[in-house]
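**Student:** Everything in the sequence shown is counted per my numbering, starting at 203 for the first residue and increasing by one. Every residue gets a Cβ at the ideal spot worked out from N, C-alpha and C, and that includes glycine.
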Amino acid sequence: MSLVLLKEKAKTPAIGIAMHRNFFTVVKDDEEIQVANDHAGLREVEKAAKKSGVSRIVFVGNKRWATPLAYSLRARGFEIFYISIKTDGNKRGPAGSVEKTLKSALNMGMSGFSFFGGLNHAKTASEHEPFIVQLAKRYLELTNEGRRIKHDILDRMVVLFPEVIKVGGSNDKPIPLPQPPIWTTKKMRHVLEDPFPESLKKSSLIPEVRKLAAKSLALDIPIDFRKGEAEKLKESLARFDEIALLKEEAHRRLRNEFDLHPAMDDFGGNTIVLLLGLLAWRRWENWRELRSYCGLAVTRMDSKGKPRISRKRGEIRQYLYLLATTSKRGKEIARNIGIAAVLTDEEKKRKLRRVKQLERLLKYLWKEYLR
Numbered sequence: 203m204s205l206v207l208l209k210e211k212a213k214t215p216a217i218g219i220a221m222h223r224n225f226f227t228v229v230k231d232d233e234e235i236q237v238a239n240d241h242a243g244l245r246e247v248e249k250a251a252k253k254s255g256v257s258r259i260v261f262v263g264n265k266r267w268a269t270p271l272a273y274s275l276r277a278r279g280f281e282i283f284y285i286s287i288k289t290d291g292n293k294r295g296p297a298g299s300v301e302k303t304l305k306s307a308l309n310m311g312m313s314g315f316s317f318f319g320g321l322n323h324a325k326t327a328s329e330h331e332p333f334i335v336q337l338a339k340r341y342l343e344l345t346n347e348g349r350r351i352k353h354d355i356l357d358r359m360v361v362l363f364p365e366v367i368k369v370g371g372s373n374d375k376p377i378p379l380p381q382p383p384i385w386t387t388k389k390m391r392h393v394l395e396d397p398f399p400e401s402l403k404k405s406s407l408i409p410e411v412r413k414l415a416a417k418s419l420a421l422d423i424p425i426d427f428r429k430g431e432a433e434k435l436k437e438s439l440a441r442f443d444e445i446a447l448l449k450e451e452a453h454r455r456l457r458n459e460f461d462l463h464p465a466m467d468d469f470g471g472n473t474i475v476l477l478l479g480l481l482a483w484r485r486w487e488n489w490r491e492l493r494s495y496c497g498l499a500v501t502r503m504d505s506k507g508k509p510r511i512s513r514k515r516g517e518i519r520q521y522l523y524l525l526a527t528t529s530k531r532g533k534e535i536a537r538n539i540g541i542a543a544v545l546t547d548e549e550k551k552r553k554l555r556r557v558k559q560l561e562r563l564l565k566y567l568w569k570e571y572l573r
């Protein structure tokens, strides 16, 4: 993410603590003080906070080592936060300087998560989600399950009749010829319901299927084995049909909720319906709150000290990306075509990063429809 988006100071100034096992570094502005991890060190933090008029403490480093100090500070009325750092898998502990990473985070206004239990909020929040959000997520769950069932159907057909699965897209490799219609079409349903080349080479209404069936490799596979695969294929097809009906009903109910929503005139299509289901269940008066809810707020640093988003609620970012890449209006907003914005020279020269595009699109939706 560009640093231009991150130069927003936290609402309340904070003191940073870079945690080591036996000592820690107190970071405030450009000042660093190393103190022992004991009661004397606690007193140093209190004195620094009192001098600066600060009530927020932000930890970076090993969270277990920081726990006693964090509890002591909370008992004295401080707000305690934590910023995680991606570790190097080949080394123990975080890569690079914890102090340097902390200073960068504070300069960019990062506050991180609440130190005590903040990482578990997403689990408890789902229990109280509005019905419309549950409906949108149910649609997404059905979509993912449908995708898995498709893979299972293809896996069965590779054994039962390998030549009949149409090769998608352009392909310069040798493929079975002639190519039949794609397997998801109505014309091919009888092939899935009776996937035995012995009968299809006589009964299929599709010439390509009859020709492929006459010399299929599957004819040499023991019939008992193929019958077992066909039974499993039958079960997968039944579930596939069930999922299609459930998805259609969930989408119809979502569409009824937002059919008259002004965003439908601006964007149209299924993607905006899902996004509205995930976001339009309340008014978002605060932009930062919405950005954080969508997992686009910067809350952690990687091993090189670069800021990273929290990545929670990935389904929202998934559909923001689809809206930014498949709809004309979404492309215009995400790529800053036809709307005013201030970009640095560096940003004008290079391709805008995906996170920044998603954030721009989300902010547009917020300004126009979600607040």
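Tell me the start and end of each unbroken beta strand (DSSP E) in the segment 212 to 257 that is at least 3 residues and wholly inside, in chain order.
**Tutor:** DSSP runs (the beta strand (DSSP E)) wholly in the segment 212 to 257: 216 to 221, 225 to 230, 233 to 238.
**Student:** For G255, count neighbouring C-beta atoms within 10 Å of its own C-beta (all shown protein chains included) and say buried if the count is 16 or more, exposed if not.
**Tutor:** Here residue 255 is taken as the residue at index 53 of the sequence shown, counted from 1. By the neighbour-count rule (16 or more Cβ atoms within 10 Å), G255 is not buried but exposed.
**Student:** Give the secondary structure of G370 by DSSP, where H, G and I count as helix, E and B as strand, and everything else as coil.
**Tutor:** Residue numbering aside, residue 370 sits at position 168 when the sequence shown is read from its first letter. The answer is coil: DSSP assigns G370 none of H, G, I, E or B.
**Student:** Please check the pair I351 and V360, which I expect to be a contact at CB under 8 Å, by giving their CB distance rounded to whole angstroms.
**Tutor:** Start at 1 with the first residue of the sequence shown, and residue 351 comes out as number 149. Start at 1 with the first residue of the sequence shown, and residue 360 comes out as number 158. Their Cβ separation, rounded to whole angstroms, is 15 Å, which puts I351 and V360 out of contact at 8 Å.
**Student:** Hey, would you say L342 sits closer than 7 Å to E517, going by beta carbons?
**Tutor:** Position 140 of the sequence shown, counting from 1, holds the residue named residue 342. Position 315 of the sequence shown, counting from 1, holds the residue named residue 517. Yes.
**Student:** On a CA-only basis, which of G311, F363, R484, Y566 is nearest L435? Give me that one, please.
**Tutor:** In the sequence shown, counting from the first residue as 1, residue 435 sits at position 233. Minimum Cα distance to L435 is reached at F363.
**Student:** Using CA coordinates, which residue listed in D374, V411, L379 is at the minimum distance from K389?
**Tutor:** By one-based count along the sequence shown, residue 389 stands at place 187. When each option's Cα is compared against that of K389, the closest is V411.
**Student:** Going by DSSP in three states, E534 sits in which element: helix, strand or coil?
**Tutor:** Working through the sequence shown from its first residue, we reach residue 534 at position 332. DSSP places E534 in helix when its eight states are reduced to three.
**Student:** Tell whether a beta-carbon distance below 7 Å holds between M310 and F261.
**Tutor:** Within the sequence shown, the letter at position 108 stands for residue 310. Within the sequence shown, the letter at position 59 stands for residue 261. No, they are not a contact pair.
**Student:** Are the CB atoms of G479 and L456 within a distance shorter than 7 Å?
**Tutor:** As a first step, residue 456 is located in the sequence shown; it is residue number 254 there, counting from the start. As a first step, residue 479 is located in the sequence shown; it is residue number 277 there, counting from the start. In contact: L456 and G479 (Cβ atoms closer than 7 Å).
**Student:** Let me make sure I understand the geometry here. Which of L337, I355, P270 has the alpha-carbon closest to that of F317?
**Tutor:** Against the sequence shown, residue 317 aligns to sequence position 115. Considering only alpha carbons, the answer is P270.
**Student:** Under 7 Å between the Cβ atoms of A238 and F225?
**Tutor:** Stepping through the sequence shown from its first residue, residue 238 is reached at position 36. Stepping through the sequence shown from its first residue, residue 225 is reached at position 23. In this structure, F225 lies closer than 7 Å to A238 by Cβ.
**Student:** My output table needs one value for S418: the three-state DSSP class, helix, strand or coil.
**Tutor:** Taking the first residue of the sequence shown as position 1, residue 418 is located at position 216. Coil.
**Student:** Could you spell out the range, first to last residue, of the alpha helix (DSSP H) harbouring F333?
**Tutor:** One-based indexing of the sequence shown puts residue 333 at position 131. First-last of the alpha helix (DSSP H) with F333: 333 to 362.
**Student:** Mind reading off the beta-carbon distance from E431 to R358? Whole number of angstroms is fine, and I expect it under 8 Å.
**Tutor:** Position 229 of the sequence shown, counted from the start, is the residue given in the question as residue 431. Position 156 of the sequence shown, counted from the start, is the residue given in the question as residue 358. Confirmed, about 5 Å.
**Student:** Just to check my reading of the structure: K413 and P376 have Cβ atoms closer than 8 Å, yes? What is that Cβ distance to the nearest angstrom?
**Tutor:** The residue labelled residue 413 in the question sits at position 211 within the sequence shown. The residue labelled residue 376 in the question sits at position 174 within the sequence shown. Incorrect: roughly 17 Å between the Cβ atoms, too far for contact.
**Student:** Which residues in the same chain as R340 place their Cβ atom closer than 6 Å to its Cβ, once the five residues preceding and following it in sequence are excluded?
**Tutor:** To locate residue 340, count along the sequence shown from 1; it is residue 138. Taken in chain order, the residues that qualify are A452.
**Student:** Among P397, S274, G532, A446, which one has its Cα closest to the Cα of A420?
**Tutor:** As a first step, residue 420 must be located in the sequence shown, where it is residue number 218. A420 has its Cα closest to that of P397, out of P397, S274, G532, A446.
**Student:** In terms of alpha-carbon separation, which member of R391, E365, T387 lies closest to P399?
**Tutor:** Translated into positions along the sequence shown, residue 399 becomes position 197. The residue with the shortest Cα to Cα distance from P399 is E365.
**Student:** By the three-class DSSP mapping on this structure, what secondary structure does F318 have?
**Tutor:** The residue labelled residue 318 in the question sits at position 116 within the sequence shown. F318: coil per DSSP, three-state reduction.
**Student:** From which residue to which residue does the alpha helix (DSSP H) around S306 run?
**Tutor:** Counting from one through the sequence shown, the residue named residue 306 turns up at place 104. S306 -> alpha helix (DSSP H) spans 300 to 309.
**Student:** Looking at R181: is its Cβ nearer than 7 Å to the Cβ of I282?
**Tutor:** The question about residue 181 has no answer, for the chain in this structure spans 203 to 573.
**Student:** Rounded to whole angstroms, what is the Cα-Cα separation between K449 and R537?
**Tutor:** Counted from its first residue, the sequence shown places residue 449 at position 247. Counted from its first residue, the sequence shown places residue 537 at position 335. Cα to Cα, K449 sits roughly 32 Å from R537.
**Student:** Whole angstroms are fine: how far does the CA of V229 sit from the CA of E301?
**Tutor:** Reading the sequence shown from its first residue, position 99 is the one you call residue 301. Reading the sequence shown from its first residue, position 27 is the one you call residue 229. Taking the straight line from one Cα to the other gives about 8 Å.
**Student:** Within its chain, find whatever has a CB closer than 6 Å to the CB of L476; leave out the 5 residues flanking it on each side and keep chain order.
**Tutor:** Walking along the sequence shown from the start, residue 476 turns up at place 274. Result list for L476: A338, Y521, in chain order.
**Student:** Using C-beta distances below 7 Å, list every residue in its chain close to G532, excluding the 5 sequence neighbours before and after it, in chain order.
**Tutor:** By one-based count along the sequence shown, residue 532 stands at place 330. F469, L525, A526, L563.
**Student:** On a CA-only basis, which of E459, E534, G218, V393 is nearest K305? Give me that one, please.
**Tutor:** Start at 1 with the first residue of the sequence shown, and residue 305 comes out as number 103. Checking every option, the nearest Cα to that of K305 belongs to G218.
**Student:** If you drop the 5 nearest sequence neighbours on each side, which residues of the same chain put their C-beta closer than 8 Å to that of I445?
**Tutor:** The residue labelled residue 445 in the question sits at position 243 within the sequence shown. Excluding sequence neighbours, I445 sits near L344, E347, G348, I351.
**Student:** Which word fits Q559, buried or exposed, when buried means at least 16 other C-beta atoms lie within 10 angstroms of its C-beta?
**Tutor:** Locating residue 559 in the sequence shown gives position 357, counting from the first residue. By the 10 Å Cβ count, Q559 comes out buried.
**Student:** Under the assumption that A216 contacts R278 (Cβ atoms under 8 Å), give the Cβ distance between them as a whole number of angstroms.
**Tutor:** For the purposes of this step, residue 216 is taken as the residue at position 14 of the sequence shown. For the purposes of this step, residue 278 is taken as the residue at position 76 of the sequence shown. Contact flag wrong, Cβ pair sits at about 15 Å.
**Student:** Between the C-alpha atoms of K253 and S299, what's the straight-line distance to the nearest angstrom?
**Tutor:** Position 51 of the sequence shown, counted from the start, is the residue given in the question as residue 253. Position 97 of the sequence shown, counted from the start, is the residue given in the question as residue 299. Spanning the two alpha carbons is a distance of roughly 26 Å.
**Student:** Taking only the alpha-carbon atoms, compute the straight-line gap between R454 and R441 and give it to the nearest angstrom.
**Tutor:** Counted from its first residue, the sequence shown places residue 454 at position 252. Counted from its first residue, the sequence shown places residue 441 at position 239. Those two C-alpha atoms are separated by around 20 Å.
**Student:** Could you compute how far the alpha carbon of L402 sits from the alpha carbon of E437?
**Tutor:** One-based indexing of the sequence shown puts residue 402 at position 200. One-based indexing of the sequence shown puts residue 437 at position 235. Going from the Cα of L402 to the Cα of E437 covers about 20 Å.
**Student:** What is the DSSP secondary structure of S286, counted as helix, strand or coil?
**Tutor:** Residue mapping note: residue 286 aligns to position 84 of the sequence shown, counting from 1. Residue state, collapsed to three classes: strand.
**Student:** Checking the sheet assignment: what are the DSSP bridge partners for E281?
**Tutor:** Within the sequence shown, the letter at position 79 stands for residue 281. Paired residue(s): R258.
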